Each structure stands twice: as C-alpha cells, then as structure tokens.
Amino acid sequence: MNFKYRQIVLDAADLEAESTFWASLLDGTVKGDDRWHNIWLDGGWALAIQHAPNHIPPDWPDGTPQQQIHLDFYTADLESAHKKVLELGGRVLRARDHASAHRGVRIYADPAGHPFCICWLPPSDPEQ
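Given below as structure tokens:
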C-alpha cells in the first residue's frame, strides 16, 4: 500500500519542549499549532507530537505505567549522539556499560519520558 505520510505520534504535556528535543536531535523542522506539531524529516517521514496535558510518562523498565512503544536510532557515532541527547534535555535510563545492556546500546528518555535507544551501527554495515 502506498501511504502519503508515515509518522509516529508521541503524547507530551509540554508540546514545545518535546518538539524542540526531537526536531533538534533528528535535524527536523517543526510545523503545527498549539495542539499538534509535526516534525518533518528528509524523505517525508515525520514524527508528530500531540499535546496531552495529562500525559504520564512510562516508568521504564518495570513501573506503572509500563512502556507501550519505544524508538530505535542507529549511528556509527555513538558518543556524538549521546552528547547531543543530553545537551537537548534527554536523560540516560540505561548506560551501555550496564550489566543487562546489549553491546553498543544506550537507553534514554526524551523530555516527556518516552524511552528510546541509540544503537551503535558499525560503519561497514549500513544495511543492518
């Protein structure tokens, strides 16, 4: 099926902070109104942020409410991505040297508390 747009929508109590975080991390452009922001990326793919004043972030990994979705991003430059996430207001949930972490995976939360992973992708394996 040929969809015109494909996007993932995240809820956030602070629409501006959440949109700024993701647009800066992904080099996107924010467009929207006071209830909804689209973050447009190269190739037409978008992430959307929906204003949800009563949003309660998941308590990862075992709390209540539980995680319902997470995002994975792959990069050959894990250290630069790590620094950028922290500069933009993300926080570490599990460092890559944690005993239960997979090799080259760091787990973060965005400003609204949504978990996401930055994963190491060896430069020689762009298709994996």
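In the working numbering, the protein residues as written are 1467 to 1594.
Glycine is no exception: its CB is placed at the ideal position from the N, C-alpha and C atoms.
Owing to the predicted nature of the structure, the values given are computational and were not obtained by experimental measurement.
Original post:
Any contact of the stretch 1497-1516 with the stretch 1478-1488, i.e. 3+ C-beta pairs under 8 Å?
Top reply: Counting C-beta pairs with one atom in each stretch, the stretch 1497-1516 and the stretch 1478-1488 have three or more that are closer than 8 Å, which means they touch.
**OP:** Just tell me which of D1493, T1495, I1584, G1494 has its CA closest to the CA of Y1540.
**Re:** Here residue 1540 refers to the residue found at position 74 when the sequence shown is read from its first residue. Of the listed residues, the one whose Cα sits closest to Y1540 is I1584.
Original post:
For the 8 Å Cβ check, are there 3 or more pairs between the stretch 1573-1588 and the stretch 1509-1528?
Top reply: yes
Original post:
Which residues in the same chain have their Cβ closer than 6 Å to the Cβ of V1551, if we skip the five residues on either side of it in sequence?
Top reply: Locating residue 1551 in the sequence shown gives position 85, where the first residue counts as 1. Cβ neighbours of V1551 beyond the five flanking positions: Y1574.
**OP:** Write down every uninterrupted run of the alpha helix (DSSP H) in the stretch 1478-1557 whose length is 4 residues or greater and which is fully enclosed by it, in chain order.
**Re:** 1481-1492, 1544-1553
Original post:
Which residues in the same chain as K1497 place their Cβ atom closer than 6 Å to its Cβ, once the five residues preceding and following it in sequence are excluded?
Top reply: Residue mapping note: residue 1497 aligns to position 31 of the sequence shown, counting from 1. Only N1504 meet the Cβ criterion.
Subject >> Chain-order list of residues whose beta-carbon lies under 6 Å from that of G1556 (same chain, five-residue window excluded) >> reply: Here residue 1556 refers to the residue found at position 90 when the sequence shown is read from its first residue. Taken in chain order, the residues that qualify are Y1574, D1576.
**OP:** Pick helix, strand or coil for V1571, following the three-state DSSP scheme.
**Re:** Translated into the one-based positions of the sequence shown, residue 1571 becomes position 105. In the structure shown, V1571 sits in a strand (DSSP, three-state: E or B).
**OP:** Note down, in chain order, each residue of its chain lying with its Cβ closer than 8 Å to the Cβ of P1519, except the 5 sequence neighbours on either side.
**Re:** Residue 1519 sits at position 53 when you count from the first residue of the sequence shown. The beta carbon of P1519 sits closer than 8 Å to those of A1479, all from its chain and outside the five residues before and after it, given in chain order.
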